[in-house]
Amino acid sequence: MSLIISNIALHFLSKKEETGEVVLRLGPENIEISQKITNFVDGLHAIYNGKGSKAYGSFSAMPSEGDSARFVDIMESYLSEQQDFHAFSTQAANMLKNEIEKYDLAETGYLVICHYELMGGRYLFAAIIPISEHYSVDGELNISADQHLDTTKLQLAARIDLFDYQNTADGDRYISFIKGRAGRKVSDFFLDFLGCEEGLNAKEQTQTLVQAVEDYVAVNQLDAAEKQQTRKDLLNYCKDQKASSQDVSIQELGKVIEPAGAEQDFYQFCQEQSYPIEESFPHEQAVVNKITKYSGYGNGISLSFERSHFGEDVVYNPHNDSITIYKVPPNLKEQLLALLNTGNDSEE
């Protein structure tokens, strides 16, 4: 299913250096949904999906303070067609402006709010996209500077799954957001703007899933090759789910992970063992990646190898904190031999 944009708004937030005042410049009332706009939103969707460190939550049940409306209130007003999208996005932009002023932050840029459908899902996306400066040179070698939306630095963004929100209002995962950088304060103001509180812990759920798979291969006494294949089956399934923005389903995994020597499938095993894990949940791919590979970096050394090589081609000695590698990769071997030859030449 192709991307279908219902509405999109673009507003600009800046801060005066002299006074610290936050200035809001509202965008046009109606933005024509051209192919460029569609490509832009499609790109934002892909960048957001690619962010590994996301958290999940829901709208807070706390009432609004005084006469001020909550984000969920103005969103509901738009979804129920009590007000149009521009009025909704304008209110949201003013609420965000107030939050930035309250926290005295320098977070400025373009606020994008978009209501769209993709792959059978309906979403409301909100993000602050920072501005970066770039330079160009004309035929006369004159250098000029200009500004552009730097989507690669997307950090303050959240997406509301409208189907999940409307069908499961008491759920704890219909809002996803990028976890904060540079301390909690930066992400807190954006969550306060949305009136969102954290719910499902995707990292903990994924860690439980990985542990369940390890327990499963151990209990069924699979050989080394079967263990590694089971881990790879989990990894490939999770990668596919991440690429299509779908949750991991334990029941689906029961059909994916079916080693020939196992007495029961993975789903049945999880049910019997009563793991504290949801039937389906959004996962953290970085946690799953570690099930088939070990890797580390420090003091100028980077090392990564498949788990199946541990104890055979890669041996760790905890007594002297050393690693011995057998069957050195050919491309690395070539570089090492060249380095040795260079060293011998220099000594001569």
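For the numbering used here, add 112 to where a residue sits in the sequence shown, where the first one is 1. Ideal Cβ placement from N, Cα and C applies to all residues, glycine included.
Could you tell me which of GLY162, ILE143, ALA218 and GLN353 sits nearest to SER126, measuring between CA atoms?
ALA218
Hey, ARG271 and PHE237: beta-carbon distance below 8 Å or not?
yes
Those residues which DSSP pairs with ASN119 across a bridge:
HIS227
Using DSSP bridges, identify the partner residues of TYR379.
Answer by DSSP bridge pairing: none, since TYR379 is not bridged.
Can you say whether ASP273 is buried or exposed, counting buried as having 16 or more other CB atoms within 10 angstroms of its CB?
buried
Secondary structure at ARG234, three-state DSSP: helix, strand or coil?
strand
Go to ALA269, then tell me how far its beta strand (DSSP E) extends in each direction, as first and last residue.
268 to 273
Are the beta-carbon atoms of VAL325 and LEU346 separated by less than 8 Å?
yes
Cβ neighbour criterion (16 or more within 10 Å) applied to HIS157:
buried
Beta bridge counterpart(s) of THR404 as assigned by DSSP
None; THR404 has no bridge partner.
What are the start and end residues of each continuous beta strand (DSSP E) run of 3 or more residues lying completely inside the segment 426 to 456, in chain order?
426 to 429 and 434 to 437
Express the C-alpha separation of THR202 and GLU141 in angstroms, rounding to a whole number.
9 Å
Which complete alpha helix (DSSP H) runs does the segment 152 to 194 hold, if anything under 4 residues is left out?
183 to 191
If you measure from the CB of ASN411, is any heavy atom of the ligand GDP nearer than 7 Å?
By its list of ligands, the structure shown contains no ligand whatsoever, and the ligand GDP lies outside what it can speak to.
Is the number of C-beta pairs between the segment 113 to 124 and the segment 135 to 154 that are closer than 8 Å three or more?
yes
Integer-rounded CB distance, given that GLN397 should sit under 8 Å from LYS351
7 Å
With DSSP as the reference, label ALA294 as helix, strand or coil.
Its pLDDT being 46, under 50, ALA294 is placed unreliably by the model, and the measurement read from it follows with that caveat. In this structure, ALA294 counts as coil in the three-state DSSP scheme.
Between the segment 126 to 135 and the segment 143 to 156, are three or more C-beta pairs nearer than 8 Å?
no
For the segment 404 to 421 and the segment 330 to 347, state whether three or more C-beta atom pairs, one from each stretch, are separated by less than 8 Å.
yes
DSSP has GLY221 in a bridge; who is on the other side?
LEU125
With H, G and I counted as helix, E and B as strand and the rest as coil, what does DSSP make of ALA314?
helix
Apart from the five residues just before and just after GLY283, which ones in its own chain have a Cβ nearer than 7 Å to its Cβ?
SER170 and ASP276
Can you tell me whether DSSP reads SER288 as helix, strand or coil?
strand
Rank TYR328, LYS405 and THR404 by C-alpha distance to the C-alpha of GLU370 and give the top, closest one.
TYR328
With DSSP run on the structure shown, which of helix, strand or coil describes GLU309?
strand
GLU130, DSSP secondary structure in three states
coil
Assign VAL331 to one of two classes, buried (16 or more other C-beta atoms within 10 Å of its C-beta) or exposed (fewer than that).
exposed
One question on the structure: do PHE289 and LYS166 come within less than 8 Å of each other, judged by their Cβ atoms?
yes
Could you tell me which residues DSSP pairs with GLY423 in its beta bridges?
Answer is none; GLY423 lacks a bridge partner.
According to the Cβ coordinates, are ALA314 and HIS227 closer than 8 Å?
no
How many whole angstroms separate the CB atoms of LEU266 and TYR160, which I take to be in contact at a CB cut-off of 8 Å?
7 Å
Taking the CB atoms as reference points, tell me whether PHE381 and VAL360 lie closer together than 8 Å.
no
With distances taken between CB atoms, is the gap from GLU229 to ILE116 smaller than 8 Å?
yes
What is the C-beta distance between ALA239 and VAL249, in whole angstroms, given that I count them as a contact (C-beta under 8 Å)?
ALA239 to VAL249, Cβ: 31 Å. No contact.
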